[in-house]
Every structure is written in C-alpha cells, then in structure tokens.
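Chains as they are written, first to last, in our numbering: chain A, 208 to 326; chain B, 857 to 971. All residues carry an ideal CB built from backbone N, CA and C; glycine is no exception. Note that the structure is predicted; figures quoted are calculated from it, not measured. Contents: one structure, followed by commentary.
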C-alpha cells in the first residue's frame, strides 16, 4: 500500500528565510508519480509540480525547487527567500503507476504542512 | 485554464437529510474525484470515476454514493447525513494520459456542516 508522510505539521519562518518541506513516501511499485500542491487560505488546491519515478533530476522554478531522491524515498520542497504570499498548507501526494481499472489515477496525500511566513 | 466548479461554498444541513454535492468541470476530463479534508487527516478519497457511469470506491466510501451521468458532472450523495460527515469536500478532475501521471485540478471546496 502506498503512503506519504509529511512529518512537519507546522513551520513558521520570517520573510526572506529559506524553508524546506519534507516528504517521504512508500510504494511497492517501480513506476509512480509524485506531486506537490499548495492550499492557500482561500481553500483551492493549486498544482505545483509532478515528477515521475524515472526522473531524478532536481527541478527549479523561480524561488521553488524540488529534490527527489529515490534512495531515501524523499521528495522535498524548498522555498528560497520566502514571502508572506507563500503562507499556505502544502501537500505532497503519490500516484502509483500500476493498478486495476482506473485506480492508477488515485492520489494518496500526506497530511500537509502548514507554512506561515511572517513579515 | 481548467475550471472545476462546486455548486456551493458553504452548506448547512440537518441530520438524516439526503445531501447532494455537485461538481462540474469544463475541460472534458475523463477522471473525477471526491475527497474530504479534515484537520490533521489531510485529504481522503471518497469515490472516483474514470468514465461516465463508472465509479470506484476510494478509502472512505461508507455513508456516501456518487453519480456520473454526464462526463462533466460528478455528484456526491450523502444518503442520510450524520454529524461525523461535517467536513470540507473537495472535487477534482484529471485527464487520461499515461498511467496515473496527470495532475488533478481542484475546485474551491464545499464546507458542509451537519447539525
């Protein structure tokens, strides 16, 4: 069974600090996909990134970067020079590549990390 | 941009009522999902559908049913609402395309209170 663990329940930083959100996953499949979503106070989940299990290259998008390491089953998310607008709940999620019917489209979410960026 | 629209942002119902939550997406996506979100528990999948009239149970289907008569609409039904179904309900959609690799797009959520 697949599982996603976000051990950090809440993180509080001061604006301009760098912050890393941890995500550890469990899966028995060799083909899988990892995602990060942001949920601002307004409530809508916003897709940030998708990574498949065959691509271990790190990715950078502006102030956001992601570090995927299969050896430690981790997919960590770093925000550089944080801003108040980064305050949100961040979810890591896993989709396995194998399954019957449409079940390979299911996402298993971690419990989320509440990030508060103070001015 | 993908638009997933949930019929109500806030809803208050009484115990024992039959409750319908509606979700419509405008991107011709094959897959649609219903989640509930509770503090400390994250998002949990209730039901999903990968085609019209097709449905599969998620992790917590008890007390819920779904209906997908048209591709763009996915309804969540609380057959007899109970107070433990008070929660935030999120609808999502995604296209087919490879094996589980497409991101899901979410609606704004419906905050449902059962009194």
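- Within the same chain, and ignoring the five residues on either side of residue 231 (chain A) in sequence, the residues whose Cβ sits closer than 6 Å to its Cβ are 212, 280 and 281.
- At a beta-carbon threshold of 8 Å, the residues of chain B lying near residue 298 (chain A) are 898 and 899, ordered along the chain.
- Looking at the DSSP output, residue 894 (chain B) sits in a beta bridge with B:898.
- If you draw a straight line from the Cα of residue 877 (chain B) to the Cα of residue 290 (chain A), it comes to about 35 Å.
- Using a Cβ distance threshold of 9 Å, residue 288 (chain A) and residue 248 (chain A) do not count as a contacting pair.
- Against chain B, a Cβ distance below 7 Å from residue 316 (chain A) picks out 898 and 899.
- The straight-line gap separating the alpha-carbon atoms of residue 971 (chain B) and residue 234 (chain A) is approximately 39 Å.
- Taking 9 Å as the cut-off, the beta carbon of residue 283 (chain A) is found closer than this to the beta carbon of residue 227 (chain A).
- Taking a C-beta distance under 9 Å as the contact criterion, residue 313 (chain A) and residue 904 (chain B) qualify as a contact pair.
- Counting along the chain, residue 256 (chain A) sits inside the beta strand (DSSP E) bounded by residues 253 to 259.
- Per DSSP, residue 910 (chain B) is one residue of the beta strand (DSSP E) stretching across 910 to 913.
- Proximity of residue 968 (chain B) to chain A, defined by a Cβ-Cβ separation below 9 Å, is not satisfied.
- Around residue 946 (chain B), the beta-carbon contacts reaching into chain A at under 8 Å are 252.
- Between residue 240 (chain A) and the set A:214, A:302, A:223 and A:267, the nearest pair of CA atoms involves A:302.
- Residue 884 (chain B) is outside the set of residues whose beta carbon lies under 9 Å from a beta carbon in chain A.
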